[in-house]
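So the sequence shown is numbered by full-length UniProt numbering: it starts at 1 and just counts up by one.
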Amino acid sequence: CFVCCVVSVVLVCPVQERGALGFERHYHVTDPFIRRLGLEAELQGHSGCVNCLEWNEKGDLLASGSDDQHTIVWDPLHHKKLLSMHTGHTANIFSVKFLPHSGDRILITGAADSKVHVHDLTVKETVHMFGDHTNRVKRIATAPMWPNTFWSAAEDGLIRQYDLRENSKRSEVLIDLTEYCGQLVEAKCLTVNPQDNNYLAVGASGPFVRLYDIRMIHNHRKSMKQSPSAGVHTFCDRQKPLPDGAAQYYVAGHLPVKLPDYNNRLRVLVATYVTFSPDGTELLVNMGGEQVYLFDLTYKQRPYTFLLPKKCHTSGEVQNGKTSTNGVSNGIHLHSNGFRLAEGRAHVSPQVELPPYLERIKQQANEAFACQLWTQAIQLYSKAVQKAPNNAMLYGNRAAAYMKRKWDGDHYDALRDCLKAISLNPCHLKAHFRLARCLFELKYVAEALECLDDFKGKFPEQAHSSACDALDRDINAALFSKSDNAEDKKGGGPIRLRATGRKDSISEDEMVLRERSYDYKFRYCGHCNTTTDIKEANFFGSNAQYIVSGSDDGSFFIWEKETTNLVRVLQGDESIVNCLQPHPSYCFLATSGIDPVVRLWNPRPESETLNGRVVVDMEGASQANQRRMNADPLEVMLLNMGYRITGLTSGGAGGSDDEDSSEGQVQCRPS
């Protein structure tokens, strides 16, 4: 009996522990905790900027790397420094990682001296030094499935793989981006899918993020070596560095079109951080020079830019999200740059009345819109959309708010909302017109004209409205203009793929991969990411309920993932917050930046009424960051030096687009 009791204890306790851990990790981040998040402690020990942070798997150790070339291992729960060692690097450390299944004994660092070092913490010694990169090493990635293997991304454009069981002095090139993008491309970040370690995501120069199948790459190279003709090549026989299907590209659909404009303004687009959701189904990207984007890896979608609605059966029965008694219409026929999707008939269901609480939210959003509180209106519409995802009116109204706010990417989000509204209600009058305006603002002038003509045919009573006349004048002026921005894109290939400089540097394989790229699911706005190229964004919570990101204004931002609404802004640094690493089990966040300290954040007791680090005016902070991203680089540099620039604090937020003061009711008022 004693043995049975012992066995039962041995068997049950681990099950109970696992259950408790699962419960803890499932509920460790909740909305009340987020709203009480505050500063718990500052860990002091570095003498330079802290550029990287890393929790161990259990969450009882935190490693940091700094410009001082030291790494420190902390006991964050007791605010103690356990170990500090010089890494042997001769320049800033940019990445630090615990090697999985090493008992937290092995730590890997990558630095600006182009070196990757492996350290044994038990003896405080550097046991391996790799010097294969020829430019700064920006990120290290590890994978639990491969405990002796890790990867590095560097500004020489290479992704290298290391196996500590093999020759300890060399590494192999897994991916060479220069073969696809030319010698100027720089790899900035990488991460391995936590649920399937065969997938590696890479961020680099430009707006495209790449997802690679490591297993396919290795199998391809193994077959190449075993092939009898591996060493025999002709001029027509080019060996592909990557097999077909081994790479997928992701991009915010509007960014490639914006590249020429950004380049002219010396505004650089570069992915500064990539990470997978805990379940491995989503990819989060902090896009330097722009916003934070979330890509759905399961339900992928192509960029929306070329989708246009085709003939609608009637113009009188369904308008602006409201349906009359009949409500039956032809489905939307979409075409994309020369090909037409399958045609068919669709039943347009009458719009169900919103429940009273959602109707109140919609009315609050309409009131905010009337007061020109665009962001507040967008957030309220988004809150309602989450609860009523099949309501065309909500999408149409949110599109109008996006078009008024005019932050970076707003017109593209508005275009997406218009298309969604039209898919739900093919005769949504305002969504049709707003779609034409969005296409024009996105520089798709010929498509905008076609869409406007289609609108006039569907809704002839609106054909001579002031809004239609104004847009018609704008389109025709652009079509006849000889400027590059008014080029008619319809005659050539998709403009989102055209090279913006050294055309010969982009390979044909790269062009094909870009053409097949997938669009984002969600976009998060408010922060600024233009000054440093190591700025992180992360999922917060075991269910990835929240998104967190650092910012150039010294704050970090927290959004609800599903609504994209900003819920909390906290001052995390005197200058810039670069790093944010959530604890694996608790509502506990470690941050760092330019200050030589690591800051720890958790929910503060309700008795603590004052929290001096809370940014109360989140809207004001977000608007200031949008202006900052669109400012002249010299002005930003002076701002970082402490000078106040008048031009940065006046005028509309983030607006390179002019306000259309002549638009009629068909566009500007929500339904």
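Note that CB positions come from ideal geometry on N, CA and C, so glycine has one too. Keep in mind it's a predicted model, so treat the numbers as computed, not measured.
query, result
"Span separating the alpha-carbon of A246 from that of L184", "23 Å"
"Where N543 falls: helix, strand or coil (DSSP)", "coil"
"Buried or exposed by the 16-neighbour rule on C-beta atoms within 10 Å, applied to G620", "exposed"
"Three-pair Cβ contact test at 8 Å for the stretch 284 to 291 versus the stretch 406 to 421", "yes"
"Beta-carbon proximity list for P303, same chain, < 6 Å, skipping 5 on both sides", "G253 and D519"
"Residue 672 classed as buried or exposed, judged by whether at least 16 other C-beta atoms fall within 10 angstroms", "Past the boundaries of the shown model lies residue 672; the chain is included only from 1 to 671, so the question cannot be answered."
"Cross-strand partners of Q248 (DSSP beta bridge)", "L211"
"8 Å Cβ cutoff met for G554 and I534", "no"
"As assigned by DSSP and simplified to three states, the class of K482", "With a pLDDT of only 45 at K482, under the threshold of 50, the placement of this residue in the model should not be trusted; the figure read from the coordinates follows. Coil at K482, not helix or strand."
"Collapsed DSSP secondary structure at K80 in the structure displayed", "strand"
"Bridge partner(s) assigned by DSSP for Y273", "N286"
"Strand pairing of N538, partner residues [DSSP]", "V548"
"Neighbourhood of R165 by C-beta, 7 Å cutoff - its chain only, sequence neighbours within 5 removed", "N148"
"Cβ neighbour criterion (16 or more within 10 Å) applied to V512", "exposed"
"Presumed contact (8 Å Cβ cut-off) between A399 and A431, rounded CB distance", "7 Å"
"Burial state of T323 (16 or more Cβ within 10 Å)", "Here T323 scores only 38 on pLDDT, less than 50, and its place in the model should not be relied on; the value that follows carries that caveat. So T323 counts as buried."
"Neighbourhood of R146 by C-beta, 7 Å cutoff - its chain only, sequence neighbours within 5 removed", "In the sequence as presented, Arg is not what sits at residue 146; that position holds Trp. These residues qualify, in order along the chain: N197."
"Exposure of P670, with buried meaning 16 or more beta-carbon neighbours within 10 Å", "buried"
"Contact check, residue 672 vs S64, beta carbons under 8 Å", "Any property of residue 672 remains undetermined from this structure, which presents the chain solely from 1 to 671."
"Within 8 Å, strictly: CB atoms of Y180 and F208", "no"
"Pairwise C-alpha distance: A201 and N193", "8 Å"
"Whether L570 touches L580 by CB criterion (8 Å)", "no"
"Pairwise C-alpha distance: R627 and V137", "31 Å"
"Residues near R416 in its chain [Cβ-Cβ closer than 6 Å; skip 5 each side]", "Y304"
"Exposure label - C525; buried when at least 16 CB within 10 Å", "buried"
"The beta strand (DSSP E) enclosing V615, as first and last residue numbers", "First-last for V615: undefined, no H or E at that position."
"Under 8 Å between C-beta atoms of A141 and L190", "yes"
"According to DSSP, residues forming a beta bridge with residue 672", "The chain is shown from 1 up to 671; residue 672 falls before or after that span and cannot be answered."
"Check whether K81 and I72 have beta carbons under 8 Å apart", "yes"
"Cβ-Cβ distance between L600 and E40 below 8 Å", "yes"
"Enclosing alpha helix (DSSP H) for G396 [first to last residue]", "A392 to R405"
"Simplified DSSP state of F41, which is helix, strand or coil", "Going by the sequence as given, residue 41 is Ala instead of Phe. Three-state result, A41: strand."
"Those residues which DSSP pairs with V577 across a bridge", "G593"
"Between the CA atoms of R267 and Q301 - distance to the nearest angstrom", "27 Å"
"Among A537, I506 and F33, nearest to L177 - alpha-carbon criterion", "I506"
"Cβ-heavy atom distance, L570 to the ligand NAD, below 7 Å", "Among the components modelled here there is no ligand, and therefore nothing to report on the ligand NAD."
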